[in-house]
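J.: Residue numbers (this note's numbering): 254 to 594. All C-beta atoms, glycine included, are put in the ideal place defined by N, C-alpha and C. All values derive from a computational prediction rather than experimental measurement.
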Ligand SMILES: Cc1cc2nc3c(=O)[nH]c(=O)nc-3n(C[C@H](O)[C@H](O)[C@H](O)COP(=O)(O)OP(=O)(O)OC[C@H]3O[C@@H](n4cnc5c(N)ncnc54)[C@H](O)[C@@H]3O)c2cc1C
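1. Taking the alpha-carbon positions, what's the residue 337 to residue 490 distance?
2. Could you give the C-beta distance for residue 341 and residue 353, rounded to a whole number, given that I count them as a contact under 8 Å?
3. Thinking C-alpha only, which one of 524, 515, 493, 535 is nearest residue 566?
4. Count the other CB atoms within 10 Å of the CB of residue 422; is the residue buried (16 or more) or exposed (fewer)?
5. Is residue 535 closer than 8 Å to residue 552 when the C-beta atoms are compared?
6. Can you give the Cα-Cα distance for residue 303 and residue 320, rounded to whole angstroms?
7. Counting Cβ pairs, one atom from each stretch, are 3 or more of them under 8 Å apart for the stretch 300-316 and the stretch 423-439?
8. If we call anything under 8 Å between Cβ atoms a contact, is residue 479 one with residue 549?
9. How about residue 517: is its Cβ closer than 7 Å to a heavy atom in ligand 1?
10. Establish whether the CB of residue 592 and some CB of chain C are separated by less than 8 Å.
11. Does DSSP classify residue 350 as helix, strand or coil?
12. By DSSP, does residue 266 sit in helix, in strand, or in coil?
13. Short of 6 Å in beta carbon distance, which residues of its chain neighbour residue 409, apart from the five on each side in sequence? Order them along the chain.
14. Have a look at residue 556 and residue 509 and give me their C-alpha separation to the nearest angstrom.
15. In chain order, what residues of the same chain have a beta carbon less than 7 Å from the beta carbon of residue 344, not counting five sequence neighbours either side?
16. Could you work out which residue in 425, 371, 563, 450 is closest to residue 516 when comparing CA atoms only?
17. Between which two residues does the beta strand (DSSP E) containing residue 440 stretch?
18. So residue 284 is in the alpha helix (DSSP H); what residue range does that whole segment cover?
19. Secondary structure at residue 489, three-state DSSP: helix, strand or coil?
20. Tell me where the alpha helix (DSSP H) around residue 500 begins and ends.
21. Are the CB atoms of residue 309 and residue 270 nearer to each other than 8 Å?
22. Check the C-beta distance from residue 323 over to residue 280 and give it rounded, since I have them as a contact under 8 Å.
23. At what residues does the beta strand (DSSP E) containing residue 319 begin and finish?
24. Let's test the definition: count the other Cβ atoms within 10 Å of the Cβ of residue 426 and tell me whether it reaches 16, buried, or not, exposed.
25. Please work out which residues of its chain come closer than 6 Å, Cβ to Cβ, to residue 257, disregarding the five sequence neighbours upstream and downstream, and give them in chain order.
26. Among residues of its own chain, excluding the 5 on either side of residue 524, which ones have a beta-carbon nearer than 6 Å to its beta-carbon?
27. Starting from residue 281, follow its DSSP beta bridges and name the residues at the other end.
28. Under the DSSP definition of a beta bridge, which residues are partnered with residue 383?
29. Tell me, which residues are paired with residue 340 by DSSP?
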């Protein structure tokens with residue numbers, strides 16, 4: 254079944270809580286409903302399109318003058334299992350943390366560090382979500398979807414998804430042309446915990462012995478202490494990516510700032526903590542109209558109440574310009590801007 258609505262408010266459909274509108278808003282329960290939709294509404298094929306999950310990584314700077322496509326495909330089903338691992342196919346509309354909890358309860362390992370990341374399954378391979386030393390790329394076995402220009406189903410092997418830091422084939426070559434309908438995740442039946450993240454071992458110990466359930470509890474506790482809850486304070490998590498610079502470029506910065514957090518990325522390249530740069534530039538806790546930089550985590554921009562997307566965008570521009578002038582580092586947004594061309 255599908256539902257098409259016109260001039261639809263997106264306020265409850267993005268975690269910034271921006272009161273933008275979509276010209277058309279389409280939801281559907283099964284991949285075949287989507288494929289058949291355009292038989293009924295051929296003229297909508299020409300509209301600009303946006304795939305929307307839970308809206309937790311988007312900023313609506315303006316209304317969306319086109320068709321928003323929101324899959325509500327549910328279900329978690331086992332498609333293969335042996336003594337070592339299990340493959341679970343999960344619908345694009347399933348909430349990510351619901352799935353993480355399901356795996357933790359069943360002791361399917363590898364996913365526990367990704368607890369409490371907001372959003373739906375469909376966006377997981379697009380974003381290659383990551384946290385606490387684990388990325389979705391290590392779990393995605395296959396991505397199933399529909400190519401928009403042909404409306405044909407297609408499955409892409411995880412190895413071919415061109416995963417990189419918060420990006421993938423779906424955000425680059427296939428951008429806006431591949432609707433993810435389900436993802437097959439391969440989970441391990443043996444533990445291989447990744448608990449090197451600073452402070453994680455101690456936090457786990459507060460909950461009891463080292464096991465998958467206590468790792469999830471510890472990750473949730475750390476995240477809740479650090480990040481504002483979008484249900485209370487509109488935000489989209491980290492607004493910027495941690496910039497990647499050459500080792501050579503990082504040398505003078507390390508000499509000037511002994512406390513600058515710099516992590517190895519790839520040979521010759523390092524990642525610099527964007528939150529540190531923003532805080533050091535003096536932005537933590539500052540406001541621009543109804544938009545602000547969170548006072549506990551400078552990487553997170555917040556909607557103090559009735560902020561417009563434009564206000565949050567302007568704040569992000571001011572921060573990026575200032576960081577560039579102070580450190581000669583370009584901040585790239587992790588959050589996707591949705592605005593009129
Ligand atoms: C408080 C908070 C904390 C966060 N912490 C983290 C974190 O630790 N690590 C991390 O990686 N991210 C984090 N995020 C960002 C966010 O949770 C992820 O990017 C998440 O995957 C977005 O999912 P979504 O369903 O909300 O996607 P949306 O925001 O709706 O969309 C994101 C992108 O995916 C595309 N998309 C969505 N669904 C589909 C689909 N079915 N098919 C094709 N394309 C699709 C959209 O077009 C868009 O380009 C955080 C966000 C918040 C608000």
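T.: In short:
1. 34 Å
2. Not confirmed; about 12 Å, so no contact.
3. 493
4. buried
5. no
6. 6 Å
7. yes
8. yes
9. no
10. No chain C is present in this structure, which holds just one protein chain.
11. helix
12. helix
13. 396
14. 34 Å
15. 326, 327, 328, 374, 435
16. 450
17. 431-441
18. 284-293
19. strand
20. 500-509
21. no
22. 5 Å
23. 317-324
24. exposed
25. 279
26. 495, 497, 516, 518
27. 255, 324
28. 388
29. 333, 439
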